[in-house]
Amino acid sequence: METIQNNAVASVHYTGTLPDSGEVFDSSEGRDPLVFLVGHRQMIAGFEEEMMGAKVGERRTFTLEPERAYGNRQEENVTSFPRAHFAAVEAEVPLEVGMTLVADMIDGPRPFSILAVDDETITADFNHQLAGKSLTFSVEVVELRAADENEISHGHVHGKGGVIH
666 METIQNNAVA
676 SVHYTGTLPD
686 SGEVFDSSEG
696 RDPLVFLVGH
706 RQMIAGFEEE
716 MMGAKVGERR
726 TFTLEPERAY
736 GNRQEENVTS
746 FPRAHFAAVE
756 AEVPLEVGMT
766 LVADMIDGPR
776 PFSILAVDDE
786 TITADFNHQL
796 AGKSLTFSVE
806 VVELRAADEN
816 EISHGHVHGK
826 GGVIH
(Lines of atoms letter the chains of each structure in order from A and count residues from 1; the text may use other names and numbers.)
(Lines give C-alpha, C1' and ligand atoms only; values in the text may rest on other atoms or scores of the structure.)
Protein backbone atom coordinates (compact mmCIF):
# COMPACT_ATOMS: atom_id res chain seq x y z
CA MET A 1 0.00 0.00 0.00
CA GLU A 2 1.59 3.23 -1.13
CA THR A 3 -0.87 5.90 0.00
CA ILE A 4 -3.38 6.46 2.78
CA GLN A 5 -6.74 5.10 1.66
CA ASN A 6 -9.68 3.23 3.15
CA ASN A 7 -8.69 -0.01 4.92
CA ALA A 8 -5.07 1.11 5.29
CA VAL A 9 -3.36 0.93 8.66
CA ALA A 10 -1.64 4.29 9.03
CA SER A 11 0.99 5.21 11.62
CA VAL A 12 1.49 8.94 12.04
CA HIS A 13 3.25 11.41 14.27
CA TYR A 14 1.18 14.54 14.81
CA THR A 15 0.80 17.75 16.72
CA GLY A 16 -2.60 19.38 17.13
CA THR A 17 -2.79 23.09 17.94
CA LEU A 18 -5.46 25.73 18.35
CA PRO A 19 -4.82 28.17 15.48
CA ASP A 20 -5.95 31.24 17.44
CA SER A 21 -3.46 30.76 20.29
CA GLY A 22 -0.96 28.18 19.03
CA GLU A 23 -1.70 26.11 22.16
CA VAL A 24 -0.88 22.41 21.69
CA PHE A 25 -3.93 20.32 22.62
CA ASP A 26 -2.42 16.93 21.70
CA SER A 27 0.77 15.48 20.28
CA SER A 28 2.51 12.17 19.72
CA GLU A 29 5.88 13.81 20.47
CA GLY A 30 7.88 11.58 22.78
CA ARG A 31 5.44 8.69 22.27
CA ASP A 32 4.83 5.94 19.75
CA PRO A 33 3.08 7.06 16.58
CA LEU A 34 -0.71 7.07 16.45
CA VAL A 35 -1.91 3.94 14.61
CA PHE A 36 -5.40 3.84 13.08
CA LEU A 37 -7.51 1.98 10.54
CA VAL A 38 -8.52 4.43 7.82
CA GLY A 39 -12.21 4.66 6.97
CA HIS A 40 -13.48 3.06 10.18
CA ARG A 41 -14.39 6.21 12.16
CA GLN A 42 -11.40 6.03 14.47
CA MET A 43 -10.36 9.56 13.59
CA ILE A 44 -12.36 12.73 13.08
CA ALA A 45 -13.57 12.79 9.49
CA GLY A 46 -11.70 15.95 8.47
CA PHE A 47 -8.38 14.48 9.64
CA GLU A 48 -8.82 11.40 7.44
CA GLU A 49 -10.02 13.47 4.48
CA GLU A 50 -6.92 15.67 4.64
CA MET A 51 -4.58 12.67 4.92
CA MET A 52 -6.04 10.67 2.01
CA GLY A 53 -3.40 10.02 -0.63
CA ALA A 54 -0.44 10.81 1.65
CA LYS A 55 2.68 8.63 1.37
CA VAL A 56 5.18 7.41 3.94
CA GLY A 57 7.52 10.28 4.80
CA GLU A 58 5.04 12.91 3.65
CA ARG A 59 4.21 15.79 6.00
CA ARG A 60 0.96 17.69 5.85
CA THR A 61 -0.33 20.67 7.80
CA PHE A 62 -4.00 21.59 7.67
CA THR A 63 -6.67 23.43 9.64
CA LEU A 64 -10.12 21.97 10.24
CA GLU A 65 -13.14 24.15 10.93
CA PRO A 66 -15.38 22.87 13.76
CA GLU A 67 -17.78 21.20 11.31
CA ARG A 68 -14.96 18.91 10.11
CA ALA A 69 -13.53 18.35 13.58
CA TYR A 70 -15.64 17.87 16.73
CA GLY A 71 -18.62 19.89 15.54
CA ASN A 72 -20.12 23.06 16.93
CA ARG A 73 -21.08 23.36 20.57
CA GLN A 74 -24.65 22.21 21.17
CA GLU A 75 -26.40 23.92 24.07
CA GLU A 76 -28.68 20.89 24.46
CA ASN A 77 -25.55 18.98 25.57
CA VAL A 78 -25.41 21.16 28.69
CA THR A 79 -27.69 19.92 31.45
CA SER A 80 -28.13 20.01 35.21
CA PHE A 81 -28.42 17.07 37.60
CA PRO A 82 -29.31 16.90 41.28
CA ARG A 83 -26.09 17.01 43.28
CA ALA A 84 -27.30 13.94 45.20
CA HIS A 85 -26.65 11.86 42.04
CA PHE A 86 -22.94 12.47 42.60
CA ALA A 87 -22.77 11.37 46.25
CA ALA A 88 -20.56 8.35 45.48
CA VAL A 89 -18.14 10.53 43.50
CA GLU A 90 -18.06 13.19 46.21
CA ALA A 91 -17.22 10.51 48.77
CA GLU A 92 -13.96 10.00 46.82
CA VAL A 93 -13.10 13.47 45.52
CA PRO A 94 -14.54 16.99 45.84
CA LEU A 95 -16.47 18.14 42.76
CA GLU A 96 -14.90 21.18 41.09
CA VAL A 97 -15.66 23.32 38.05
CA GLY A 98 -13.57 22.11 35.11
CA MET A 99 -13.34 18.54 36.38
CA THR A 100 -13.97 15.80 33.79
CA LEU A 101 -16.03 12.77 34.74
CA VAL A 102 -17.59 9.90 32.79
CA ALA A 103 -21.32 9.13 32.87
CA ASP A 104 -22.72 5.66 32.15
CA MET A 105 -25.32 6.41 29.48
CA ILE A 106 -27.65 4.08 27.57
CA ASP A 107 -25.34 4.29 24.53
CA GLY A 108 -22.20 3.72 26.63
CA PRO A 109 -19.82 5.87 28.66
CA ARG A 110 -19.74 9.61 27.88
CA PRO A 111 -17.25 12.08 29.30
CA PHE A 112 -18.47 15.44 30.53
CA SER A 113 -16.99 18.46 32.24
CA ILE A 114 -18.46 20.22 35.23
CA LEU A 115 -19.48 23.80 34.42
CA ALA A 116 -21.04 24.73 37.76
CA VAL A 117 -21.56 23.30 41.24
CA ASP A 118 -23.97 24.63 43.85
CA ASP A 119 -25.64 23.17 46.94
CA GLU A 120 -28.41 21.48 44.93
CA THR A 121 -27.21 20.90 41.35
CA ILE A 122 -24.28 20.05 39.10
CA THR A 123 -24.23 21.58 35.60
CA ALA A 124 -22.60 19.17 33.15
CA ASP A 125 -21.32 19.83 29.62
CA PHE A 126 -21.37 16.76 27.36
CA ASN A 127 -19.88 18.66 24.38
CA HIS A 128 -16.42 17.49 23.38
CA GLN A 129 -13.83 19.82 24.91
CA LEU A 130 -12.74 20.84 21.40
CA ALA A 131 -16.29 21.36 20.04
CA GLY A 132 -16.70 24.75 18.40
CA LYS A 133 -12.97 25.15 17.81
CA SER A 134 -10.87 25.14 14.66
CA LEU A 135 -7.94 22.72 14.90
CA THR A 136 -4.59 22.75 13.11
CA PHE A 137 -2.70 19.50 12.65
CA SER A 138 0.88 18.92 11.54
CA VAL A 139 1.17 15.27 10.54
CA GLU A 140 3.95 13.00 9.27
CA VAL A 141 3.15 9.55 7.87
CA VAL A 142 5.71 7.11 9.32
CA GLU A 143 4.31 3.73 8.26
CA LEU A 144 1.55 2.40 6.06
CA ARG A 145 0.22 -1.08 5.32
CA ALA A 146 -2.93 -2.81 4.13
CA ALA A 147 -5.24 -3.96 6.92
CA ASP A 148 -5.84 -7.69 7.18
CA GLU A 149 -9.31 -9.26 6.99
CA ASN A 150 -9.68 -9.49 10.78
CA GLU A 151 -8.80 -5.82 11.25
CA ILE A 152 -11.31 -4.80 8.60
CA SER A 153 -14.10 -6.99 10.02
CA HIS A 154 -13.38 -5.86 13.60
CA GLY A 155 -12.99 -2.20 12.59
CA HIS A 156 -9.69 -1.62 14.39
CA VAL A 157 -5.96 -2.32 14.19
CA HIS A 158 -4.52 -5.45 15.80
CA GLY A 159 -0.98 -5.96 17.08
CA LYS A 160 1.53 -3.20 17.76
CA GLY A 161 -0.28 0.09 18.31
CA GLY A 162 -3.68 -1.60 18.15
CA VAL A 163 -5.95 -3.99 20.01
CA ILE A 164 -4.69 -7.36 21.16
CA HIS A 165 -7.44 -10.01 21.46
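The working numbering numbers the first residue of the sequence shown as 666 and each following residue consecutively.
Here a beta-carbon is modelled for each residue, glycine too, at the ideal position from N, C-alpha and C.
Under a Cβ-count criterion, where at least 16 other Cβ atoms within 10 Å of its own Cβ denotes burial, should residue i be classed as buried or exposed?
i      : result
Phe746 : exposed
Val762 : exposed
Glu715 : buried
Considering residue i, what are the terminal residues of the alpha helix (DSSP H) in which it resides?
i      : result
Phe712 : 710 to 716
Ser818 : 814 to 819
Ala756 : 752 to 757
If the criterion is Cβ atoms closer than 7 Å, does the pair residue i and residue j meet it?
i      : j      : result
Pro759 : Val767 : no
Phe791 : Asn742 : yes
Leu702 : Val822 : yes
Thr788 : Arg748 : no
Ala796 : Gly711 : no
Val677 : Val782 : no
Ala812 : Val700 : no
Could you pull the start and end residues of the beta strand (DSSP E) that residue i belongs to?
i      : result
Val806 : 800 to 811
Ala789 : 786 to 790
Thr668 : Run containing Thr668: none; DSSP gives neither H nor E here.
Leu729 : 724 to 729
Report the partner residues of residue i according to the DSSP bridge assignment.
i      : result
Pro774 : Asp769
Asp691 : Gly681
Leu699 : Val677
Val743 : Asp790
Ala719 : Paired residues: none, contrary to the question.
Ala781 : Thr788
Closest Cβ-Cβ distance between residue i and chain B: below 7 Å?
i      : result
Pro731 : Of the protein chains in the structure, only one exists, and it is not chain B.
Say yes only if the C-beta of residue i is nearer than 6 Å to one or more non-hydrogen atoms of the ligand COA, and no if none qualify.
i      : result
Gln670 : With respect to small molecules bound, the structure shown includes none, and the ligand COA cannot be examined in it.
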